[in-house]
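Heads up: the structure comes next, in structure tokens.
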Amino acid sequence: MEGADTIDLSREGPIAVITLNRPQVRNAIDLAAAHRLAAAVDAVEADPAIRVAIITGAGEVAFSAGADLRARARGEGRAVIAPHGFAGFVRRPRRKPFIAVVNGFAVGGGLEIALACELVVAAPHASFSLPEPMRGLIAGGDCLPSVFRRLPPALAWEVALAGRRLTAEEALTAGMVNRVAPDALGAAREMARAVIVGAPRAIEGTIALARRLMAAAPPDYDALAERTQAALMATADAAEAARAFAEKRAPVWTDA
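Numbering-wise (full-length UniProt numbering), the sequence shown opens with residue 1 and increments by one.
Below, the structure is given as structure tokens:
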């Protein structure tokens, strides 16, 4: 509901549903929300009765707008929980499969959360984009590696550099999402039931092996990304981008 500011966790038998419930900020993640999301994932992982988790956003406008730039404009630090990355989720080792239900736009860190899930279901009006350069930053963490793993290079460059926003159908055609469905949450439940047919330890082992196969970033990537992001966050342009977003205007770049 409007004005809510929670991370909701509900259970439907062996399926858990985590809802990013911050509709007043398009389900963006600040540091407090990151800790709540991390706690919800911990609860899912600790409950032997839960086999699959679904993560979605409240409402029909946004899955998540990524990092809460209004919080950044107030001087709050990044919504990163070491060693688990953005939102306390994207790098958290998990034994159970997660399905992202993208029910609106997935922007920046919101896209990173979606692509950190094993499976992605999108509503027809969903969209996917990386606007970080337009906000004076880079798409840090696992965002760029995930996009370049899931998309053809030519399309990935356009998303990363030019802010190209992919529609749900474009993302499906390119292989970024598994399915597009008018009832995306219902389609995700159907997918979850199909996963549950498998043996729990076999599913766990498959996830562990597949994640090792997909870990293609070079050893120095994290350190370079952190140095680059830290340098950018110290610039006048990064501060201007946060102010401009909070004031709903175009930024005026000053750094060369």
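Note that the Cβ used here is the ideal one computed from N, Cα and C, for glycine as well.
Residue i to residue j span [Cα, whole Å]
{"i": "proline 124", "j": "valine 61", "result": "12 angstroms"}
{"i": "alanine 181", "j": "threonine 173", "result": "14 angstroms"}
{"i": "threonine 56", "j": "alanine 184", "result": "10 angstroms"}
{"i": "glycine 88", "j": "arginine 249", "result": "30 angstroms"}
{"i": "aspartate 47", "j": "isoleucine 18", "result": "14 angstroms"}
{"i": "phenylalanine 86", "j": "serine 129", "result": "17 angstroms"}
{"i": "residue 300", "j": "proline 23", "result": "Examination of residue 300 is not possible in this model, given that the chain is present from 1 through 256 alone."}
{"i": "residue 258", "j": "valine 90", "result": "Nothing can be reported for residue 258: it is not among the residues displayed for the chain, which extend from 1 to 256."}
{"i": "valine 147", "j": "glycine 13", "result": "33 angstroms"}
{"i": "leucine 166", "j": "glutamine 229", "result": "24 angstroms"}
{"i": "alanine 38", "j": "leucine 144", "result": "22 angstroms"}
{"i": "valine 195", "j": "isoleucine 81", "result": "29 angstroms"}
{"i": "leucine 155", "j": "leucine 111", "result": "15 angstroms"}
{"i": "glutamate 240", "j": "alanine 34", "result": "24 angstroms"}
{"i": "arginine 243", "j": "arginine 201", "result": "48 angstroms"}
{"i": "alanine 199", "j": "isoleucine 50", "result": "13 angstroms"}
{"i": "arginine 72", "j": "valine 197", "result": "43 angstroms"}
{"i": "methionine 214", "j": "alanine 171", "result": "19 angstroms"}
{"i": "arginine 26", "j": "glycine 186", "result": "22 angstroms"}
Close-in-space but distant-in-sequence residues of the same chain around residue i (CB under 7 angstroms, 5 per side omitted)
{"i": "leucine 232", "result": "Gly136, Leu137, Ile138, Ala238"}
{"i": "glutamate 45", "result": "Arg94, Arg95, Lys96"}
{"i": "proline 131", "result": "Val107, Gly108, Gly163"}
{"i": "leucine 9", "result": "Ala16, Ile18, Ala40, Ala43"}
{"i": "arginine 150", "result": "Leu115, Gly175, Met176"}
{"i": "cysteine 117", "result": "Ile55, Phe98, Ile99, Ala100"}
{"i": "histidine 84", "result": "Ala38, Arg91, Arg92"}
Coil, strand or helix - residue i by DSSP
{"i": "methionine 1", "result": "Model confidence at methionine 1 stands at a pLDDT of 45, short of 50, so the residue's coordinates are unreliable and nothing is read from them."}
{"i": "valine 252", "result": "coil"}
{"i": "aspartate 237", "result": "helix"}
{"i": "aspartate 47", "result": "coil"}
{"i": "alanine 38", "result": "helix"}
{"i": "glycine 205", "result": "helix"}
{"i": "aspartate 8", "result": "strand"}
{"i": "glycine 198", "result": "coil"}
{"i": "arginine 91", "result": "coil"}
{"i": "isoleucine 29", "result": "strand"}
{"i": "arginine 212", "result": "helix"}
Contact belief for residue i with residue j at Cβ below 8 angstroms, rounded distance in angstroms
{"i": "arginine 36", "j": "isoleucine 7", "result": "4 angstroms"}
{"i": "isoleucine 113", "j": "serine 64", "result": "6 angstroms"}
{"i": "alanine 58", "j": "isoleucine 29", "result": "With a Cβ gap of about 13 angstroms, alanine 58 and isoleucine 29 do not count as contacting."}
{"i": "phenylalanine 245", "j": "leucine 69", "result": "4 angstroms"}
Contacts around residue i, its chain only, beta-carbon distance under 8 angstroms, and the 5 residues preceding and following it disregarded
{"i": "proline 152", "result": "Ala174"}
Close Cβ partners of residue i (< 6 angstroms) along its chain, the five nearest in sequence each way excluded
{"i": "glycine 140", "result": "Ala225, Gln229"}
Item to check | Sufficient close CB pairs (3 or more, under 8 angstroms) joining the region 113-121 to the region 187-206 | outcome: yes
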